[in-house]
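In what follows, a structure is listed as structure tokens, so that the remarks can point back to it.
Protein chains: 2
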Amino acid sequence: MRTTLRDVAAAAGVSAMTVSKVLHGTGTNVRVSQEKADQIRKTASELQYQPNDLARSLRNKRTMTVGVVFRQLTRLNQQNPYFPQLLNGVMAALFEQNYTLALCPKLADLSNNGAVSDGRFDGILWCRPDFTDESIQGLSRSSVPVVMMHTPADLVPGLSTFCADNETAMRRVVQHLVGLGHERVAFVIDEQNEAAAEAKARSEAFLAAMSDFGMQGEICVWNDDATGCVEAYVGTDRPHTAIATFSEAFAGIILRRCVDLGIQVPADLSVVGFDSSTFCETTQPRLTAVNQPVEKMAYEATLHLLNLIQANVEGLPKALPSSSIYDCGLDIRSSTAPPALIVESVS
Amino acid sequence: MRTTLRDVAAAAGVSAMTVSKVLHGTGTNVRVSQEKADQIRKTASELQYQPNDLARSLRNKRTMTVGVVFRQLTRLNQQNPYFPQLLNGVMAALFEQNYTLALCPKLADLSNNGAVSDGRFDGILWCRPDFTDESIQGLSRSSVPVVMMHTPADLVPGLSTFCADNETAMRRVVQHLVGLGHERVAFVIDEQNEAAAEAKARSEAFLAAMSDFGMQGEICVWNDDATGCVEAYVGTDRPHTAIATFSEAFAGIILRRCVDLGIQVPADLSVVGFDSSTFCETTQPRLTAVNQPVEKMAYEATLHLLNLIQANVEGLPKALPSSSIYDCGLDIRSSTAPPALIVESVS
DNA sequence: TTGAAAGCGTTACCAT
DNA sequence: ATGGTAACGCTTTCAA
Numbered sequence: 017m018r019t020t021l022r023d024v025a026a027a028a029g030v031s032a033m034t035v036s037k038v039l040h041g042t043g044t045n046v047r048v049s050q051e052k053a054d055q056i057r058k059t060a061s062e063l064q065y066q067p068n069d070l071a072r073s074l075r076n077k078r079t080m081t082v083g084v085v086f087r088q089l090t091r092l093n094q095q096n097p098y099f100p101q102l103l104n105g106v107m108a109a110l111f112e113q114n115y116t117l118a119l120c121p122k123l124a125d126l127s128n129n130g131a132v133s134d135g136r137f138d139g140i141l142w143c144r145p146d147f148t149d150e151s152i153q154g155l156s157r158s159s160v161p162v163v164m165m166h167t168p169a170d171l172v173p174g175l176s177t178f179c180a181d182n183e184t185a186m187r188r189v190v191q192h193l194v195g196l197g198h199e200r201v202a203f204v205i206d207e208q209n210e211a212a213a214e215a216k217a218r219s220e221a222f223l224a225a226m227s228d229f230g231m232q233g234e235i236c237v238w239n240d241d242a243t244g245c246v247e248a249y250v251g252t253d254r255p256h257t258a259i260a261t262f263s264e265a266f267a268g269i270i271l272r273r274c275v276d277l278g279i280q281v282p283a284d285l286s287v288v289g290f291d292s293s294t295f296c297e298t299t300q301p302r303l304t305a306v307n308q309p310v311e312k313m314a315y316e317a318t319l320h321l322l323n324l325i326q327a328n329v330e331g332l333p334k335a336l337p338s339s340s341i342y343d344c345g346l347d348i349r350s351s352t353a354p355p356a357l358i359v360e361s362v363s
Numbered sequence: 017m018r019t020t021l022r023d024v025a026a027a028a029g030v031s032a033m034t035v036s037k038v039l040h041g042t043g044t045n046v047r048v049s050q051e052k053a054d055q056i057r058k059t060a061s062e063l064q065y066q067p068n069d070l071a072r073s074l075r076n077k078r079t080m081t082v083g084v085v086f087r088q089l090t091r092l093n094q095q096n097p098y099f100p101q102l103l104n105g106v107m108a109a110l111f112e113q114n115y116t117l118a119l120c121p122k123l124a125d126l127s128n129n130g131a132v133s134d135g136r137f138d139g140i141l142w143c144r145p146d147f148t149d150e151s152i153q154g155l156s157r158s159s160v161p162v163v164m165m166h167t168p169a170d171l172v173p174g175l176s177t178f179c180a181d182n183e184t185a186m187r188r189v190v191q192h193l194v195g196l197g198h199e200r201v202a203f204v205i206d207e208q209n210e211a212a213a214e215a216k217a218r219s220e221a222f223l224a225a226m227s228d229f230g231m232q233g234e235i236c237v238w239n240d241d242a243t244g245c246v247e248a249y250v251g252t253d254r255p256h257t258a259i260a261t262f263s264e265a266f267a268g269i270i271l272r273r274c275v276d277l278g279i280q281v282p283a284d285l286s287v288v289g290f291d292s293s294t295f296c297e298t299t300q301p302r303l304t305a306v307n308q309p310v311e312k313m314a315y316e317a318t319l320h321l322l323n324l325i326q327a328n329v330e331g332l333p334k335a336l337p338s339s340s341i342y343d344c345g346l347d348i349r350s351s352t353a354p355p356a357l358i359v360e361s362v363s
């Protein structure tokens, strides 16, 4: 049996609330004599009293814990630096304010229908942007603050969003590729990300940018092991001379695929990734990629969440949701070059 | 005001406990008619009822959350793969059993004196092996299961430990270096890890192994930016021809330091790291290192913890603590070589 | 098959 | 300056 506040109170010959005041000192209105306070602390220590945080949280409606729901439970590894970057930002913001970080894949289960607020968390950072209409509803009804990462503005009513400027980013990609002389360009999405909110945003931005240059882009969805590479690019009559991808990690997979299939990058095919981390320096060839400041975004999103929580606690009225858009530059490396030869001109 | 179980009960015209049974169905002994059950579920959904997990956990004494206390709050990055590896193992074990992972630097605060069990966690994985006598006491008194990583057996009475076989590992390091012809070898610990439980273990193992070869090893503690390199290794009259380090990350720092100072590795100095991850492939030169299976250890330690939790829940008697020792091979790469020239023979 | 009441451990309010 | 009482939201006896 664990010792409770009451045990301490009994042992010290005072009431439970006196002990509570002394040990957790919320009270301004309640004063305890120094003498008694010392006695209580001594007794608590002798009895090895451990306050039950669950009970405290239940009363205080405060857990000092933030839940992070991530898109996909991937392993942390060099091939996919996105998740570590995200966590770095979140941890930096959380830990300096003594919050606990909870990783809960269970919440990400969409069968939950966005049932997100169950008292365990003071706030939620939602990094899983593929949702259904149902989960969108659930999210916007949440009784605890929710902040969305990688979500275009106004997709989820009432919630603040932190998102890349996909329009400008894709425009830069297209500009770069077209500037190199490419005319047949595809935007390739890995199956895993097909349902992501940003997949739509980037696809549309890509098509629009291509169209502005008087060209027609193509959207492809490929299997997670880039089977599409095999299907479409064996032989010399390749449908595109350049492809942009939804993620850095997927671009990496494609590069390896190209090696397998004897496709020369960038001579035969130019490849552009999304998210430009140190990983891009390690690929063969080094990967040209859109530079999304994931860590910064995560840090600022978390900070924003903490502010919302604070406002919530202080009973302030709900602030209006904000949309933060992050400009993303294009880091040009070695995986893009002019098309080697015009196999067939577009007339 | 959030809707509670009672609101649902009132709306459905039944009692609170009936609702509880229907929605969380613990009861074998209590039966509710299908009709009423459906009605209750319908009402709950209409009212957007969200069970409060805090209250449930308080009653059930179960949070389905495991706290991970780590040694040092470092950023996740390529230069220090230890933490990602650890998390991979922990997550794999936890998430497949639907547990939530909590990262709580607050608990790591030693001022806590090992006050570790506050109801929020069903169990704790302690990856912060530098502790005081006081915290050791606190840990072994914990009312929830605690499993120790990186802790030599029998250091904390009553707790299961998962630890590298430091003795064999250091012996292998010494054997390799001595085999190459080195006679003046140091084991270098970064300040940050000076208090780690394994620092002592590895130091002693190193000295013993050296002694077995009839040589006297030296233990050095260096500043985290390897200032020791500057102090001791500028000029040609270097005290050692080879150094082994406490960690892979620190070895990386030393390698960069050597570049700054014009020390050739491995010609002037051989360097051996601890923990052999992909990082060792990226250093210049590639780093010879002890191969500690961090992810595997973390996975198995977490699994063990979950078993302890399960036993705890089922009211089984406390199992005897176990000590798991992991054999660590030496991955020989390019940072070790025979000493270039004997500057001064040892008589 | 169902309900009432008592608690889990803590804290807030209102007395004294 | 201190104590009694109620409540946070849920579940578990026990009784009907």
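Just so you know, the sequences run in chain order A and B. Take 17 as the starting number for the first sequence in the numbering used here and just add one per residue. Take 17 as the starting number for the second sequence in the numbering used here and just add one per residue. Quick reminder that beta carbons are idealized off the backbone N, C-alpha and C, glycines included.
(message) For Ser73/B, would you say it is in contact with chain A, using Cβ-to-Cβ distances shorter than 9 Å as the test?
(response) Counting from one through the second sequence, the residue named residue 73/B turns up at place 57. It does; some Cβ of chain A falls within 9 Å.
(message) Tell me which residue opens and which closes the alpha helix (DSSP H) that Ala25/A is part of.
(response) Counting from 1 along the first sequence, the entry for residue 25/A is found at position 9. From DSSP, the alpha helix (DSSP H) with Ala25/A extends over Leu21 to Ala28.
(message) Taking contact to mean 3 or more Cβ pairs, one atom from each stretch, closer than 8 Å, check whether the region 296-314 of chain A and the region 323-331 of chain A are in contact.
(response) The region 296-314 of chain A vs the region 323-331 of chain A: no contact.
(message) Does the CB of Ala305/B have a neighbour CB from chain A at under 9 Å?
(response) Position 289 of the second sequence holds residue 305/B. Not an interface residue.
(request) Flag Gly135/B as yes if its beta-carbon sits less than 9 Å from any beta-carbon of chain A, otherwise no. (result) By one-based count along the second sequence, residue 135/B stands at place 119. At least one CB of chain A lies nearer than 9 Å to the CB of Gly135/B.
(request) Report the three-state DSSP secondary structure of Ala317/B (helix, strand or coil). (result) Within the second sequence, the letter at position 301 stands for residue 317/B. Helix, per DSSP.
(message) Using DSSP's beta-bridge definition, name the partner residues of Phe178/A.
(response) By 1-based counting over the first sequence, the position of residue 178/A is 162. Paired residues: Met165/A and Ser340/A.
(message) Check this for me: beta carbons of Ala242/B and Glu214/B, under 9 Å apart or not?
(response) Working through the second sequence from its first residue, we reach residue 242/B at position 226. Working through the second sequence from its first residue, we reach residue 214/B at position 198. Contact: no.
(request) Pull up the CB-CB distance for Phe290/B and Thr318/B, whole angstroms please, since I reckon it's below 8 Å. (result) Residue 290/B sits at position 274 when you count from the first residue of the second sequence. Residue 318/B sits at position 302 when you count from the first residue of the second sequence. Thr318/B and Phe290/B do not touch by the CB rule: their CB atoms are close to 22 Å apart, not below 8 Å.
(request) Let me know if His40/B comes out buried or exposed under the rule of 16 or more other beta-carbons within 10 Å of its beta-carbon. (result) Residue mapping note: residue 40/B aligns to position 24 of the second sequence, counting from 1. It is exposed - the Cβ of His40/B has fewer than 16 other Cβ atoms within 10 Å.
(message) Relative to the C-alpha of Leu123/A, which candidate in Glu62/A, Val84/A and Ile348/A has its C-alpha closest?
(response) Within the first sequence, residue 123/A is the residue found at index 107, counting from 1. For the residues Glu62/A, Val84/A and Ile348/A, the minimum Cα distance to Leu123/A belongs to Val84/A.
(request) Give, in chain order, every unbroken run of the beta strand (DSSP E) that is at least 3 residues long and sits entirely within the region 83-160 of chain A. (result) When DSSP assignments are scanned along the region 83-160 of chain A, the uninterrupted stretches of beta strand (DSSP E) that are 3 or more residues long and fall wholly within it turn out to be 116-119 and 139-143.
(request) Go to Val201/A, then tell me how far its beta strand (DSSP E) extends in each direction, as first and last residue. (result) The residue labelled residue 201/A in the question sits at position 185 within the first sequence. In the DSSP assignment, Val201/A falls within the unbroken beta strand (DSSP E) covering Val201 to Asp206.
(request) Let me know if Ser227/B comes out buried or exposed under the rule of 16 or more other beta-carbons within 10 Å of its beta-carbon. (result) Counting from one through the second sequence, the residue named residue 227/B turns up at place 211. Counting the other CB atoms within 10 Å of its CB gives Ser227/B a total below 16, which places it among the exposed residues.
(request) Determine the direct distance from the alpha carbon of Ala356/B to that of His198/B, and round the result to whole angstroms. (result) Translated into positions along the second sequence, residue 198/B becomes position 182. Translated into positions along the second sequence, residue 356/B becomes position 340. In a straight line, the C-alpha of His198/B is about 10 Å away from that of Ala356/B.
(request) Have a look at Arg18/A and Gln64/A and give me their C-alpha separation to the nearest angstrom. (result) The count along the first sequence starts at 1 and reaches residue 18/A at position 2. The count along the first sequence starts at 1 and reaches residue 64/A at position 48. Rounded to the nearest angstrom, the gap between the Cα atoms of Arg18/A and Gln64/A is 9 Å.
(message) Would Asn239/B and Asn104/A be called neighbours here (beta carbons separated by less than 9 Å)?
(response) In the second sequence, residue 239/B corresponds to position 223, counting from 1. In the first sequence, residue 104/A corresponds to position 88, counting from 1. Against a cut-off of 9 Å, the Cβ pair of Asn104/A and Asn239/B comes out as no contact.
(message) Please return the same chain residues whose Cβ sits closer than 6 Å to the Cβ of Glu210/B, not counting the five positions on each side in sequence.
(response) In the second sequence, the residue the question calls residue 210/B occupies position 194. Val237, listed in sequence order.
(request) With a 10 Å radius around its C-beta and 16 neighbouring C-beta atoms as the bar for buried, classify Met107/B as buried or exposed. (result) Your numbering for residue 107/B matches position 91 in the second sequence. Met107/B comes out buried.
(message) If contacts are defined as beta-carbon pairs under 8 Å, then Phe86/B and Arg144/B qualify, I think. What distance do you get, rounded to the angstrom?
(response) Here residue 86/B corresponds to residue number 70 of the second sequence, with the count starting at 1. Here residue 144/B corresponds to residue number 128 of the second sequence, with the count starting at 1. About 6 Å separates the beta carbon of Phe86/B from that of Arg144/B, a gap short enough to meet the 8 Å contact definition.
(request) Measure the C-alpha to C-alpha separation of Thr59/B and Glu112/A and round it to an integer number of angstroms. (result) On the second sequence, position 43 is the one that residue 59/B refers to. On the first sequence, position 96 is the one that residue 112/A refers to. Rounded to the nearest angstrom, the gap between the Cα atoms of Thr59/B and Glu112/A is 42 Å.
(request) Over the uninterrupted beta strand (DSSP E) stretch that includes Thr34/B, give me the two end residues. (result) As a first step, residue 34/B must be located in the second sequence, where it is residue number 18. In this chain, Thr34/B is not harboured by any beta strand (DSSP E); it is covered by the alpha helix (DSSP H) spanning Ala32 to His40.
(request) Tell me, please, whether the CB atom of Asp149/B is closer than 9 Å to any CB atom in chain A? (result) Counting from one through the second sequence, the residue named residue 149/B turns up at place 133. Taking Cβ atoms only, chain A never reaches closer than 9 Å to Asp149/B, which makes this a no.
(message) Residues in the same chain with beta-carbon distance under 8 Å from Val281/A, minus the five sequence neighbours each way, listed in chain order, please.
(response) Position 265 of the first sequence, counting from 1, holds the residue named residue 281/A. Within its own chain, the residues whose Cβ lies closer than 8 Å to the Cβ of Val281/A, once the five positions on either side in sequence are excluded, are Leu271, Cys274, Val287, Pro301 and Ser351, listed in chain order.
(request) Ignore the nearest five residues each way along the sequence and tell me which others in Ala53/B's own chain have a CB closer than 8 Å to its CB. (result) By one-based count along the second sequence, residue 53/B stands at place 37. Once the five neighbours on either side are set aside, the close Cβ partners of Ala53/B are Val38.
(request) Indicate the three-state DSSP secondary structure (helix, strand or coil) for Asn323/B in the structure shown. (result) Here residue 323/B refers to the residue found at position 307 of the second sequence. Reduced to three states, the DSSP call for Asn323/B is helix.
(request) Taking 8 Å as the threshold, find out whether the region 130-141 of chain A comes into contact with the region 66-78 of chain B through three or more Cβ pairs. (result) Contact holds: three or more Cβ-Cβ distances are below 8 Å.
(request) Assign Val250/A to one of two classes, buried (16 or more other C-beta atoms within 10 Å of its C-beta) or exposed (fewer than that). (result) Position 234 of the first sequence, counting from 1, holds the residue named residue 250/A. By the neighbour-count rule (16 or more Cβ atoms within 10 Å), Val250/A is not buried but exposed.
(message) Do Thr304/B and Arg254/B count as a contact pair if the criterion is CB distance below 9 Å?
(response) The residue you call residue 254/B lines up with position 238 of the second sequence. The residue you call residue 304/B lines up with position 288 of the second sequence. Thr304/B is positioned such that its CB atom lies no closer than 9 Å to that of Arg254/B.
(message) With H, G and I counted as helix, E and B as strand and the rest as coil, what does DSSP make of Thr243/B?
(response) Taking the first residue of the second sequence as position 1, residue 243/B is located at position 227. Secondary structure at Thr243/B: helix, using DSSP grouped into helix, strand and coil.
(message) Please list the terminal residues of the continuous beta strand (DSSP E) segment that includes Ile235/A.
(response) Position 219 of the first sequence, counting from 1, holds the residue named residue 235/A. DSSP places Ile235/A inside the beta strand (DSSP E), whose first and last residues are Glu234 to Trp238.
(message) Using beta carbons (cut-off 9 Å, strictly below), is Asp69/A in contact with chain B?
(response) On the first sequence, residue 69/A is found 53 positions in, with the first residue counted as 1. At least one CB of chain B lies nearer than 9 Å to the CB of Asp69/A.
(message) Is the separation between the beta-carbon of Ile259/A and that of Val190/A shorter than 9 Å?
(response) Sequence index remark: in the first sequence, residue 259/A carries index 243 (1-based). Sequence index remark: in the first sequence, residue 190/A carries index 174 (1-based). Contact flag unset, no.
(request) In the DSSP assignment, find the alpha helix (DSSP H) that holds Asp347/A and state where it starts and stops. (result) The residue labelled residue 347/A in the question sits at position 331 within the first sequence. First-last for Asp347/A: Gly345 to Asp347, but that is the beta strand (DSSP E), not the alpha helix (DSSP H).
(request) Please determine, among Met313/B, Ala27/B and Gln308/B, the residue with the shortest C-alpha to C-alpha distance to Thr184/B. (result) Taking the second sequence and counting its residues from 1, one reaches residue 184/B at position 168. Of the listed residues, the one whose Cα sits closest to Thr184/B is Gln308/B.
(request) Pick helix, strand or coil for Ser219/B, following the three-state DSSP scheme. (result) One-based indexing of the second sequence puts residue 219/B at position 203. Secondary structure of Ser219/B (DSSP, three-state): helix.
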